[in-house]
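Okay, so here's the structure we're looking at.
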Amino acid sequence: MSDANQPDYVEEPQLYPYTVSLSNAQHLENQSVNIDRDADFTLTGVNGSSTGRYTLNFRTPSGRLISTAEILDTDIIGTANQPTAFMPMVYRAGSVGPQLNITDVSGSTNAVSIVFSGIRRVKTT
Amino acid sequence: MLSEAWIDPRSVDWTDGLNPLRVPGWSRNNSPYAYQALQDPFMQALRIAGGIENRIYVAPEPAAQLVTPGATVDFEVPSEPNFWLYAVAASNQGDDEDLQDFLFNVTDSETGATLFSQPVSMTTMNPQRNGTADRSPYYLLSTPHLFASPSYPVVRMINTSADSQIIRVTLFGCVEYDRRTL
């Protein structure tokens, strides 16, 4: 490849974790998962763990909620060796990222950990 | 393997989350079905298309998810025009949820085409219930289904249990926008 065709970025793995302890039936809105200011973030998968069930919804890069209703965790949260994948979603550097709405449906306290995994694209020029 | 065409790695978009070449669970050896589904020409075209936005639709709406025994629920999904459905997930909640089940099917409102030739059991499609919990929670379709405008998905759910239970069918898909509108 000629110099003109060389990419002007490098790609690195990136994980944005979100952790919260929910009380019985607690509902939280617009929980930010802030994206670093030095690189865009391509979301490639979601995985996580919890001590009980919960439902969630989150925003696409355009700012709208991805789902019409909150989704049960077991229907969307993948495993560490196979995060649930979506069509490419690129969150701009410095944005609020995949803002979450999350609700406990376990009936007790619930320690939730969600990991948004993907690739950060760092500009080199 | 020797008869397979060599793929120039520089031509592979490794940032694509649905690329079976970068997810071990979807490799040709670990899940030949998922590998083929994700390499389907229409799926590949969607993965690299511009202006794609993800959409997830949960059926039925939360207020109607508690279904009585034997009841049938038809939910007309309020999808946007030209919705591409590529995966489905189904789950339940109830006092004896591990023993309960329900049947579901997805129909194209215009053509009458159904995803399954007859309603399929949630237990069959749910990884937590069928022993594949280490895999993605959704079931990939062998090729994406386009609900061409004015069509939309209609989800039929039948509670086959003796007790009421919360039932959900989640549709994973995308719509394509003109890039200038994003």
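Residue numbers (my numbering), protein chains in the order written: chain B, 72 to 196; chain G, 7 to 188.
A virtual CB, placed ideally from N, CA and C, is assigned to each residue, including glycine.
The model shown is predicted, which means the values in this text are computed figures rather than measured ones.
For residue i, the three-state DSSP class (helix, strand or coil)
i, result
"Q102/B", "strand"
"F122/G", "coil"
"I137/B", "coil"
"N88/G", "coil"
"L188/G", "In this prediction, L188/G scores a pLDDT of 46, lower than 50, which makes its location untrustworthy; no coordinate-derived value is stated."
"M160/B", "strand"
"T138/G", "coil"
"D146/B", "helix"
Other residues of its chain near residue i: CB distance less than 6 Å, five sequence neighbours each side excluded
i, result
"H98/B", "T174"
"E83/B", "R191"
"F81/G", "A65, P66, V161"
Beta-carbon contacts of residue i that lie in its chain and below 7 Å, excluding the five residues immediately before and after
i, result
"P26/G", "W32, S33, A40, Y41, L44, Q45"
"A77/G", "N165"
"P159/B", "T113"
Nearest neighbour of residue i, chosen from the options [CA to CA]
i, options, result
"T90/B", "Q102/B, Y80/B, E82/B, E83/B", "Q102/B"
"P133/G", "L146/G, P125/G, S123/G", "L146/G"
"V100/G", "L91/G, V79/G, T117/G, L72/G", "Here residue 100/G is Gly; the residue named in the question, Val, does not match the sequence. If we check each option's Cα against that of G100/G, L72/G comes out closest."
"V181/G", "E103/G, N88/G, A93/G, S155/G", "N88/G"
"G118/G", "A154/G, V175/G, A93/G", "A154/G"
"F178/G", "S167/G, P156/G, P150/G", "P150/G"
"S148/G", "D104/G, N35/G, F48/G, T138/G", "F48/G"
Own chain, CB closer than 8 Å to residue i, minus 5 neighbours either side, in chain order
i, result
"R155/B", "Contrary to the premise, residue 155/B reads as Thr rather than Arg in this sequence. G116, V117, N118, I147, I148, G149, listed in sequence order."
"D169/G", "P75, G100, D101, D102, Q106"
> Of the residues that make up the segment 156 to 177 of chain B, which ones have a beta carbon closer than 8 Å to any beta carbon in chain G?
Replying inline: Look at the segment 156 to 177 of chain B: the residues with a C-beta under 8 Å from a C-beta of chain G are A156, F157, M158, P159, M160, V176.
> Can at least three beta-carbon pairs, one atom from the segment 117 to 129 of chain B and one from the segment 145 to 158 of chain B, be found at a separation below 8 Å?
Replying inline: A contact is defined here as three or more CB-CB pairs under 8 Å, and the segment 117 to 129 of chain B meets this definition with respect to the segment 145 to 158 of chain B.
> So does the segment 100 to 111 of chain G actually touch the segment 119 to 129 of chain G, counting three or more Cβ pairs closer than 8 Å?
Replying inline: Yes, the segment 100 to 111 of chain G touches the segment 119 to 129 of chain G.
> Taking a cut of 8 Å between CB atoms, which residues from the segment 96 to 116 of chain B lie near chain G?
Replying inline: Within the segment 96 to 116 of chain B, the residues whose Cβ lies closer than 8 Å to some Cβ of chain G are T113, L114, T115, G116, listed in chain order.
> For the segment 138 to 149 of chain B, which residues have a CB atom closer than 8 Å to at least one CB atom of chain G, in sequence order?
Replying inline: Answer set for the segment 138 to 149 of chain B: S138, T139, A140, E141, I142, L143, T145, D146, I147, I148, G149.
> Any residues in the segment 51 to 65 of chain G with a beta carbon nearer than 8 Å to a beta carbon of chain B? Which ones, in chain order?
Replying inline: Within the segment 51 to 65 of chain G, the qualifying residues are L52, R53, I58, E59, N60, R61, I62, Y63, V64.
>> So if I threshold CB-CB distances at 7 Å, which residues from the segment 69 to 94 of chain G count as touching chain B?
In response: Those residues of the segment 69 to 94 of chain G that come within reach of chain B (Cβ to Cβ, closer than 7 Å) are P84.
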